[in-house]
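Asker:
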Amino acid sequence: MVITVRELHAVEVLDSRARPTLAVTLAADGGLRARAGVPAGASTGSREAVERRDGDPARYAGQGVLGAVAAVNGEIFDALAGRAFASLAELDALLVELDGTVDKSRLGANAVVGVSMAAARAFAASRGVPLWSYFGGSLGTPRLPVPHFNVVNGGVHAPNELEFQEFMLAPLGAPSATEAVRAGAEVYAVLRKLLLARGLSAGLGDEGGFAPEIARPEEVLELLVEAITAAGYRAGREGVAIAMDPASSEFYRDGGYHVAGESLSTDDMIDRYEEMVDRFGVWLLEDGLAESDWEGWERLTARLGERVELVGDDIFCTNPAIITDAISRKVANASLIKVNQIGTVSETLDAMRVCRQAGYGQFVSHRSGETDDDFIADLAVGTGCGHMKSGAPARGERVAKYNRLIEIEDATDLPYGLGDAAS
Ligand code: PGA
Ligand code: ZN
Numbered sequence: 005m006v007i008t009v010r011e012l013h014a015v016e017v018l019d020s021r022a023r024p025t026l027a028v029t030l031a032a033d034g035g036l037r038a039r040a041g042v043p044a045g046a047s048t049g050s051r052e053a054v055e056r057r058d059g060d061p062a063r064y065a066g067q068g069v070l071g072a073v074a075a076v077n078g079e080i081f082d083a084l085a086g087r088a089f090a091s092l093a094e095l096d097a098l099l100v101e102l103d104g105t106v107d108k109s110r111l112g113a114n115a116v117v118g119v120s121m122a123a124a125r126a127f128a129a130s131r132g133v134p135l136w137s138y139f140g141g142s143l144g145t146p147r148l149p150v151p152h153f154n155v156v157n158g159g160v161h162a163p164n165e166l167e168f169q170e171f172m173l174a175p176l177g178a179p180s181a182t183e184a185v186r187a188g189a190e191v192y193a194v195l196r197k198l199l200l201a202r203g204l205s206a207g208l209g210d211e212g213g214f215a216p217e218i219a220r221p222e223e224v225l226e227l228l229v230e231a232i233t234a235a236g237y238r239a240g241r242e243g244v245a246i247a248m249d250p251a252s253s254e255f256y257r258d259g260g261y262h263v264a265g266e267s268l269s270t271d272d273m274i275d276r277y278e279e280m281v282d283r284f285g286v287w288l289l290e291d292g293l294a295e296s297d298w299e300g301w302e303r304l305t306a307r308l309g310e311r312v313e314l315v316g317d318d319i320f321c322t323n324p325a326i327i328t329d330a331i332s333r334k335v336a337n338a339s340l341i342k343v344n345q346i347g348t349v350s351e352t353l354d355a356m357r358v359c360r361q362a363g364y365g366q367f368v369s370h371r372s373g374e375t376d377d378d379f380i381a382d383l384a385v386g387t388g389c390g391h392m393k394s395g396a397p398a399r400g401e402r403v404a405k406y407n408r409l410i411e412i413e414d415a416t417d418l419p420y421g422l423g424d425a426a427s
C-alpha cells in the first residue's frame with residue numbers, strides 16, 4: 005500500500021537517563037497515525053551514525069535536541085509532505101539522500117531514525133497488520149526471540165568498579181517467550197537477595213541491572229550461576245544460559261585490556277574468555293575485543309567461533325559495509341542490530357540480510373538510553389532473528405519490549421527460540 009505523508013511532528017522529550025530525545029508522530033492519508041521514540045547509546049562505536057545534539061551549555065548541559073526536532077518539523081517534513089511512497093525502502097532512501105552525509109550528521113541520525121521508525125509503523129498500519137508481521141517474510145520466518153536480560157551492569161552504564169558492561173540471562177531452554185520472561189524475572193529477584201545477603205548494593209545501572217561493588221567478572225558469573233540454580237532453573241543451554249557484553253572498547257588502552265586492576269594483552273584476554281566459557285557456559289560474547297583490534301578479533305573467532313556466538317557491536321555499528329568486510333575476514337559470527345546505529349529501518353534490514361546470507365547471527369538490541377517505544381520487539385519477531393536484548397526485566401522502558409513479546413505470543417502461535425538464524 006502506498007502512504008502519503010500529511011503531517012510530521014517531533015518534540016523534545018526525556019529518555020530513561022533524563023537526557024533529551026525525540027518523540028516523532030507521522031500522519032498519512034487514510035487516517036494513519038504512527039509514533040516513535042528515539043533511543044540513545046552511551047558506549048557508542050566510533051563509526052555509528054551521528055546523533056545531533058545542540059551543544060548549548062545553557063540547556064541540558066549541551067544535550068538538547070532542538071536542532072534535530074527542527075530538522076524533522078522543517079526540512080524533513082517539507083521533503084516528505086504530500087508525497088506518495090510505495091515502500092519504506094523508498095522513503096528511507098529519500099531520507100538518506102536528503103541528509104547527504106555518510107553518517108547522517110547533517111540532519112542528525114536521531115532525527116532520521118525517528119521518522120523512519122514512525123514510517124515503518126505507518127506502512128504496517130496501511131496494510132492493517134501488526135508491525136512484526138510487516139517485517140515478516142522479507143528476511144526469515146517470524147518467531148519469538150529468546151530475551152536476554154541484562155541483570156548486572158558495569159562499564160559506562162554504572163558507577164561501580166566493574167569494567168565489564170553487561171551480564172545477561174538467556175533462557176534458551178524455556179518453552180516460550182512468556183516463560184522466558186518469568187525465568188528472567190525470578191532469577192533477577194533471587195539475585196537481588198543474594199547481593200543483599202552479601203552486603204552488596206542492589207542499586208541499579210542504566211539498563212536496570214544491579215550494579216554491585218564487584219570488579220572481577222568471574223565473581224559476577226559465579227553469582228549468576230548461583231542465582232539461576234537457587235531460582236530453580238538449570239544453568240546452561242538446556243535452561244538459563246549466560247551471555248556477556250564486556251563492551252571492551254571502553255577498557256582497551258595502550259594496547260591492553262584493563263580488567264580489575266590487571267592489564268591484559270589481546271591473547272591473555274582471549275584465554276580469559278575461554279576459561280569463562282568453559283567454567284560458566286557463557287554462550288554469547290559481544291564486543292569481547294575492542295573495535296580497533298581486528299587482528300585480535302580474527303584470533304578470537306578462530307578460537308571460540310565454533311562454540312560461542314561472537315557478536316560485533318561497536319566494531320560493526322549495524323553497518324552492512326563493515327559487516328561485509330568482517331565476513332570476508334572471518335571476524336565474529338553475529339552482529340548486534342541497533343536501528344539508531346545506522347539511522348534507518350531499511351538499512352537495518354539490509355544489515356540483517358547481509359548477516360543472514362553469510363550465516364551470521366543477528367542480535368536485536370535496545371540502547372542504554374531508551375523510551376517506552378517497543379519497536380525492537382516487533383523487529384526481532386518479524387525478522388525471525390531468534391534473540392533480542394532489552395536490559396533487565398525491570399524498569400518500564402526495558403519491560404515495555406518484553407511485555408510486547410508476551411502480547412505477540414498471546415495473540416499468535418509463532419514458535420519460540422533461537423531457530424536457525426542465530427549461530
Ligand atoms: P549503549 O550500550 O546503548 O550504551 O551503546 C549497549 C551495548 O553496548 O550493547
Ligand atoms: Zn554492546
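Just so we're aligned: the sequence shown equals residues 5 to 427 in my numbering.
The C-beta atom is built at its ideal place from N, Cα and C for all residues, glycine as well.
Measuring only the C-alpha atoms, how far is residue 66 from residue 14?
Answerer: 19 Å
Asker: Which residue comes first and which comes last in the alpha helix (DSSP H) that contains residue 39?
Answerer: Residue 39 -> not in any alpha helix (DSSP H); beta strand (DSSP E) instead, spanning 36 to 41.
Asker: By how many angstroms is the C-alpha of residue 255 removed from the C-alpha of residue 8?
Answerer: 48 Å
Asker: Leaving aside the five residues before and after residue 252 along the sequence, list all residues of the same chain whose C-beta is less than 7 Å from its C-beta, in chain order.
Answerer: Within the same chain, residue 252 has close Cβ partners 261, 291, 292, 293, 294.
Asker: Note the first and the last residue of the continuous alpha helix (DSSP H) segment covering residue 172.
Answerer: No alpha helix (DSSP H) contains residue 172, which is instead part of the beta strand (DSSP E) from 170 to 174.
Asker: DSSP on residue 410, reduced to helix/strand/coil?
Answerer: Three-state result, residue 410: helix.
Asker: So does the stretch 234 to 242 actually touch the stretch 173 to 189, counting three or more Cβ pairs closer than 8 Å?
Answerer: yes
Asker: Would the beta-carbon of residue 433 be found less than 6 Å away from any heavy atom of the ligand PGA?
Answerer: Residue 433 lies beyond the residue range present for the chain, which begins at 5 and ends at 427; the question has no answer from this structure.
Asker: Does the Cβ of residue 333 have 16 or more other Cβ atoms within 10 Å, making it buried, or fewer, making it exposed?
Answerer: By the 10 Å Cβ count, residue 333 comes out exposed.
Asker: Kindly indicate which three-state DSSP category residue 384 falls into: helix, strand or coil?
Answerer: In the three-state scheme derived from DSSP, where H, G and I count as helix and E and B as strand, residue 384 is classed as helix.
Asker: Less than 7 Å separating the beta-carbons of residue 42 and residue 117?
Answerer: yes
Asker: Can you tell me the Cα-Cα spacing of residue 244 and residue 391, whole angstroms?
Answerer: Just so you know, the alpha carbons of residue 244 and residue 391 end up roughly 14 Å apart.
Asker: Based on DSSP bridge pairs, tell me the residues matched to residue 25.
Answerer: Partner(s): 17.
Asker: With DSSP collapsed to three states, give me the class of residue 284.
Answerer: helix
Asker: Could I get the ranges of all uninterrupted beta strand (DSSP E) runs contained in the stretch 56 to 118, with 3 residues as the minimum, in chain order?
Answerer: none
Asker: In whole angstroms, what is the alpha-carbon distance linking residue 306 and residue 405?
Answerer: Rounded to whole angstroms, residue 306 and residue 405 show a C-alpha spacing of 34 Å.
Asker: Which full runs of the beta strand (DSSP E) of 3+ residues lie inside the stretch 240 to 325, going along the chain?
Answerer: 245 to 249, 260 to 263, 266 to 268, 286 to 290, 313 to 316
Asker: Please report the straight-line C-alpha distance between residue 171 and residue 242, rounded to a whole angstrom.
Answerer: 18 Å
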